[in-house]
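Chemist: Below: one structure in structure tokens.
Numbering (this note's numbering), first residue to last: 237 to 559.
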């Protein structure tokens, strides 16, 4: 469907590199900016993210419309890898690239190079009355529904034998000499939790749900410790995939769908599993708060402490809704 005239259109260009999780951050960060500004999204074709159904119903921005259909085109460029914690800083940034009063009829804003506001960053802005719309909930509802509509998975949860997906990120990022920030502060993106952290989560899950099915997902590179630690663990099944650069898109989609469909997801500070929380509205996700995923509603997003402990009652309350 071709674009129709509106006050301000915006589109998102993926050109900051990275894999699926990283590019979902660019997508959600751009959608949040557009929603904050009240712009109308028009879609630039990008097959790499088609599986995730994040652009099912938008108007298509054709080449002709992109280059000849607008009086003014502004570029909103990053990188702003961590988004904006301050609403004032965000508005100053937008005004720098899109001057106030100059965005008129037939204006296009092109968001690119990891120009982001993370959806979770708007939660406090809404809570404090800085913005009127609950953008986080709106986007998460839309993202979750579209993925379900595309893939039609079973939304029921077995509360007696819940299926648990656990993501332990290692790979090339597990290198303290090259990436000391991955080991220094658990609020950092790609922080590498100890296996004892996951032990604590698993112990609490098995105490509350003795018949739960535990599935651990990791990639082959730097997985030997994980295999030794969990290979013979009771009730645990290991899924060790090929290394990141060797994975096919089909396999990535299968793993991501396993994360979305699981009754309980244990995400780590990896983009791949952290962004999955946006596809699971209503289904419990256990996560550790960090720069790119924080302050989430505890009705279905259960935060952990650095030792892996979490409030089991929050999980029980969430699963109770599926009785």
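We treat Cβ as the ideally placed atom computed from N, Cα and C, and that holds for glycine.
At 3 residues or longer, what runs of the beta strand (DSSP E) sit wholly inside the stretch 339-388?
Modeler: DSSP runs (the beta strand (DSSP E)) wholly in the stretch 339-388: 343-348.
Chemist: With distances taken between CB atoms, is the gap from residue 256 to residue 424 smaller than 9 angstroms?
Modeler: Here residue 256 refers to the residue found at position 20 of the chain shown. Here residue 424 refers to the residue found at position 188 of the chain shown. Contact: no.
Chemist: Over what stretch of residues does the alpha helix (DSSP H) that includes residue 487 continue unbroken?
Modeler: By 1-based counting over the chain shown, the position of residue 487 is 251. Here the alpha helix (DSSP H) through residue 487 covers 485-497.
Chemist: Can you grab the Cα-Cα spacing for the pair residue 407 / residue 463, in whole Å?
Modeler: The residue given as residue 407 occupies position 171 in the chain shown. The residue given as residue 463 occupies position 227 in the chain shown. Cα to Cα, the separation comes out at about 14 angstroms.
Chemist: Measuring alpha carbon to alpha carbon, tell me which of 428, 486, 439, 448 ends up nearest residue 524.
Modeler: Taking the first residue of the chain shown as 1, we reach residue 524 at position 288. Among 428, 486, 439, 448, the Cα nearest to that of residue 524 belongs to 428.
Chemist: Who pairs with residue 537 in a beta bridge, going by DSSP?
Modeler: To locate residue 537, count along the chain shown from 1; it is residue 301. In the DSSP output, where bridge partners are listed per residue, residue 537 has 521.
Chemist: Would you report the Cα separation of residue 237 and residue 296, rounded to the nearest angstrom?
Modeler: The residue you call residue 237 lines up with position 1 of the chain shown. The residue you call residue 296 lines up with position 60 of the chain shown. Confidence in residue 237 is poor, its pLDDT being 31 and thus under 50, which makes the residue's placement unreliable; the coordinate value appears in the next sentence. For residue 237 and residue 296, the distance between alpha carbons rounds to 5 angstroms.
Chemist: Who are the near neighbours of residue 548 in its chain, counting only those whose CB is closer than 7 angstroms to its CB and skipping five residues on each side?
Modeler: Locating residue 548 in the chain shown gives position 312, where the first residue counts as 1. Answer for residue 548: 440, 444, listed in chain order.
Chemist: Short of 6 angstroms in beta carbon distance, which residues of its chain neighbour residue 539, apart from the five on each side in sequence? Order them along the chain.
Modeler: Residue mapping note: residue 539 aligns to position 303 of the chain shown, counting from 1. 525, listed in sequence order.
Chemist: Can you tell me whether residue 404 is helix, strand or coil according to DSSP?
Modeler: As a position in the chain shown, residue 404 is number 168, starting the count at 1. Coil.
Chemist: What residue range does the alpha helix (DSSP H) around residue 190 cover?
Modeler: Nothing about residue 190 can be reported from this structure: the residues present for the chain run from 237 to 559 only.
Chemist: Residue ranges of each alpha helix (DSSP H) run of no fewer than 4 residues wholly in the stretch 385-462, ordered along the chain?
Modeler: 417-420, 431-444
Chemist: So, helix, strand or coil for residue 311, using DSSP?
Modeler: If you number the chain shown from 1, residue 311 lands on position 75. The answer is strand: DSSP assigns residue 311 an E or B state.
Chemist: What number of angstroms, rounded off, separates the C-alpha of residue 308 from the C-alpha of residue 249?
Modeler: If you number the chain shown from 1, residue 308 lands on position 72. If you number the chain shown from 1, residue 249 lands on position 13. One alpha carbon belongs to residue 308, the other to residue 249, and they sit about 17 angstroms apart.
Chemist: Can you pull the DSSP bridge partners for residue 247?
Modeler: If you number the chain shown from 1, residue 247 lands on position 11. 346.
Chemist: Roughly how many whole angstroms lie between the Cα atoms of residue 469 and residue 347?
Modeler: As a first step, residue 469 must be located in the chain shown, where it is residue number 233. As a first step, residue 347 must be located in the chain shown, where it is residue number 111. Computed Cα separation, rounded: 46 angstroms.
Chemist: Between the Cα of residue 432 and those of 450, 366, 465, spot the shortest distance and give me the residue it belongs to.
Modeler: In the chain shown, residue 432 corresponds to position 196, counting from 1. Cα-wise, what sits closest to residue 432 is 465.
Chemist: Going by DSSP in three states, residue 213 sits in which element: helix, strand or coil?
Modeler: The first residue shown for the chain is 237 and the last is 559, placing residue 213 beyond what the model contains.
Chemist: Within its chain, find whatever has a CB closer than 7 angstroms to the CB of residue 319; leave out the 5 residues flanking it on each side and keep chain order.
Modeler: Taking the chain shown and counting its residues from 1, one reaches residue 319 at position 83. These residues qualify, in order along the chain: 265, 352, 353, 354, 357.
Chemist: Going by other Cβ atoms of all chains shown within 10 Å of its Cβ, with 16 needed for buried, is residue 380 buried or exposed?
Modeler: Against the chain shown, residue 380 aligns to sequence position 144. Answer is buried; the Cβ neighbour count reaches 16.
Chemist: Am I right that residue 454 and residue 404 are in contact with their C-beta atoms under 8 angstroms? What's the rounded C-beta distance?
Modeler: Your numbering for residue 454 matches position 218 in the chain shown. Your numbering for residue 404 matches position 168 in the chain shown. The Cβ separation is near 5 angstroms, so the contact holds.
Chemist: Could you tell me the alpha carbon to alpha carbon distance between residue 409 and residue 421, rounded to whole angstroms?
Modeler: Position 173 of the chain shown holds residue 409. Position 185 of the chain shown holds residue 421. Their backbone Cα atoms lie some 15 angstroms apart in a straight line.
Chemist: Out of curiosity, what's the CA-to-CA distance linking residue 314 and residue 382?
Modeler: Counting from 1 along the chain shown, the entry for residue 314 is found at position 78. Counting from 1 along the chain shown, the entry for residue 382 is found at position 146. C-alpha of residue 314 to C-alpha of residue 382: approximately 27 angstroms in a straight line.
Chemist: Determine whether the Cβ of residue 550 lies closer than 9 angstroms to any Cβ atom of chain B.
Modeler: The chain labelled as chain B is not found in the depicted structure, where only one protein chain is given.
Chemist: Which of the three DSSP states, helix, strand or coil, is assigned to residue 276?
Modeler: The sequence position of residue 276 within the chain shown is 40, counting from 1. Looking at residue 276 - three-state DSSP - the assignment turns out to be strand.
Chemist: Nearest-angstrom Cα distance between residue 447 and residue 498?
Modeler: Within the chain shown, the letter at position 211 stands for residue 447. Within the chain shown, the letter at position 262 stands for residue 498. Rounded to whole angstroms, residue 447 to residue 498 spans 15 angstroms at the Cα level.
Chemist: Residues in its own chain within less than 6 angstroms of residue 550 by CB, not counting five upstream and five downstream?
Modeler: As a first step, residue 550 must be located in the chain shown, where it is residue number 314. If we look at residue 550 and ignore the five residues flanking it on each side, its Cβ neighbours are 534, 538.
Chemist: On the three-state DSSP scale, how would you describe residue 472?
Modeler: Taking the chain shown and counting its residues from 1, one reaches residue 472 at position 236. Three-state result, residue 472: strand.
Chemist: Provide the residue(s) that pair with residue 477 in DSSP beta bridges, ordered along the chain.
Modeler: Stepping through the chain shown from its first residue, residue 477 is reached at position 241. Residue 477 pairs with 455.
Chemist: Should the stretch 490-497 be regarded as contacting the stretch 509-519, the criterion being three or more beta carbon pairs within less than 8 angstroms?
Modeler: yes
Chemist: Specify the secondary structure class of residue 550 as computed by DSSP and reduced to three states.
Modeler: Residue mapping note: residue 550 aligns to position 314 of the chain shown, counting from 1. Helix, per DSSP.
Chemist: Does residue 330 come out as helix, strand or coil in the three-state DSSP assignment?
Modeler: Position 94 of the chain shown holds residue 330. Here residue 330 sits in helix by DSSP.
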